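All letters in the sequence shown, in the order written, are residues -33 to -1, 1 to 277 by mature numbering (1 follows the signal peptide of the UniProt record, and there is no 0).
Beta carbons are placed, not taken as given, at the ideal position from N, Cα and C, and that holds for glycine.
None of these values were measured; they are calculated from a predicted model.
Read the structure below first, then the notes.
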Amino acid sequence: MAINRKTNKLPGRRAAGLLATALMLAAAAPAMGSACLGMQVHAHRGAASAPENSLSALRAAYEAGADGVETDLQMLGDQRWVVHHDLNTGRVVQAGAPRPVRQLASADWSAARMKLRGVLTDEAPPFAVDLADLAADYPQQTLNAEIKDLAPCGQVQALVGQLRSAMSHGNWFMTSGAAGNLRCARQADSAGYLGLVVFDGRNAEAAGANGLTRLIASKAKAPKLDQAWLARVKQDIGMPVGVHVDARTLDANPALLSDAALMKMPVFVYAVDGDAALAAALQRSRQHSGRWPSGVIVDESAAGFCARLR
């Protein structure tokens, strides 16, 4: 959906409906002929040249021509939404001693500084309002915003209202691994696309290698995403809805792309093991189903990733 907000604004609900329709059409037919074989390519937490989830990283990804940027949202203790992936500070954001983001206040977040590969920078971590202001300037590219943890329903609905108000172009969507967050978002926006992020327990160590995550990974089985499961997702969250899965999950569910297309549900794919593993999984899936997914979430440039598939 490419609406120039300076010359042809559309109401947020109408614009969101157009984005959802475009995603469902992409899911319903074999993807062919576009810049990356019909897939949207979203930059994972922005460009690698700047701290992940920083405004500079997200802006650089937009400027580099990605179809969208994927980023992460969670709440501070005073209920302001911020852009951050980890549930604790320390790895990317330095705000004193490492502690849960939920224990910080807005003043703590404003005083914090971001790290790039462990080196402290002068950049402050963004609030969600900063992210929305940035995305408003790129109406032809999608903001893909994931809520990282379960949040109070009223706060999720307030976030939907905040994003919709700031981005009148409507070219954004929300995802979460917590279905409850998406049910709350649906109450606030009946037309917008929502994506359920499916956790594969075999990847538990990606959250941090320790005894517990190793145990979880060793005992976990691949999630079973068949037509019955997809139907339950549609019933629980409401259309338009899709699923966002890891490459290993896609490998374990070779009929997923075909089943989802029949049900007009988009599928986005990422890979904990990196872009090479993602490309290999997509090629295996293509051989089985004749399809590419609706979109991918990658660390490298869109052009670099798409070259892997040609």
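Three or more beta-carbon pairs separated by less than 8 Å link the region 263 to 270 to the region 10 to 23, which places the two stretches in contact. Leaving aside the five residues that flank N170 on each side, the residues in its chain whose CB is nearer than 8 Å to its CB run, in chain order, A184, D213, R215, V239.
The C-alpha of R84 lies about 18 Å from the C-alpha of A28. The beta carbon of M42 is closer than 7 Å to those of W48, R69, A118, Q122 in its chain, skipping five residues each way along the sequence. Taking all protein chains shown into account, E37 has 16 or more neighbouring C-beta atoms within 10 Å of its C-beta and is therefore buried.
Using a C-beta cut-off of 8 Å, the region 143 to 162 makes contact with the region 194 to 211, since at least three inter-stretch Cβ pairs fall below that distance. The DSSP assignment places complete beta strand (DSSP E) segments of no fewer than 3 residues inside the region 114 to 186 at 139 to 143, 161 to 164, in order along the chain. The C-beta of N177 has fewer than 16 other C-beta atoms within 10 Å across all chains shown, which makes the residue exposed. Below 8 Å, enough C-beta pairs join the region 134 to 149 and the region 106 to 120 to call them touching: three or more. If you draw a straight line from the Cα of A15 to the Cα of A24, it comes to about 7 Å. Of the residues assessed, A2 falls on the exposed side of the cut-off, its CB having fewer than 16 other CB atoms within 10 angstroms. Around the beta-carbon of E19, 16 or more other beta-carbon atoms lie within 10 Å, marking it buried.
Cβ neighbours of L149 within its own chain (closer than 7 Å, five residues either side excluded): S143, L161, L163, I204.
Between the C-alpha atoms of R58 and K82 there is a straight-line separation of about 7 Å. By the Cβ rule, the region 223 to 237 counts as touching the region 192 to 200, because three or more pairs are nearer than 8 Å. Going by DSSP, W48 is part of the beta strand (DSSP E) stretching over 48 to 50. Residue state for A112 is assigned as strand, using DSSP reduced to three classes.
Here P260 is buried, its C-beta having at least 16 other C-beta atoms within 10 Å. The C-alpha of F94 lies about 15 Å from the C-alpha of Q61. If you look at Q41, you'll find it in the beta strand (DSSP E) that goes 35 to 42.
DSSP places G271 within a helical segment (H, G or I) once states are collapsed to three. In the assembly as shown, L249 is a buried residue. Its beta-carbon has 16 or more other beta-carbons within 10 Å. When only Cα atoms are considered, R66 and L126 end up about 24 Å apart. Counting the other CB atoms within 10 Å of its CB gives V236 a total of 16 or more, which places it among the buried residues.
The beta carbon of P233 lies closer than 6 Å to those of L(-11), A(-7), G209, S261 in the same chain, with the five residues before and after it left out. Excluding the 5 residues flanking it on each side, T180 has same chain C-beta neighbours closer than 7 Å at A171, E172, A174, in chain order. The Cβ-Cβ distance between L276 and G137 does not fall below 8 Å. Residue state for L245 is assigned as helix, using DSSP reduced to three classes. The alpha-carbon separation between A244 and D218 amounts to approximately 11 Å.
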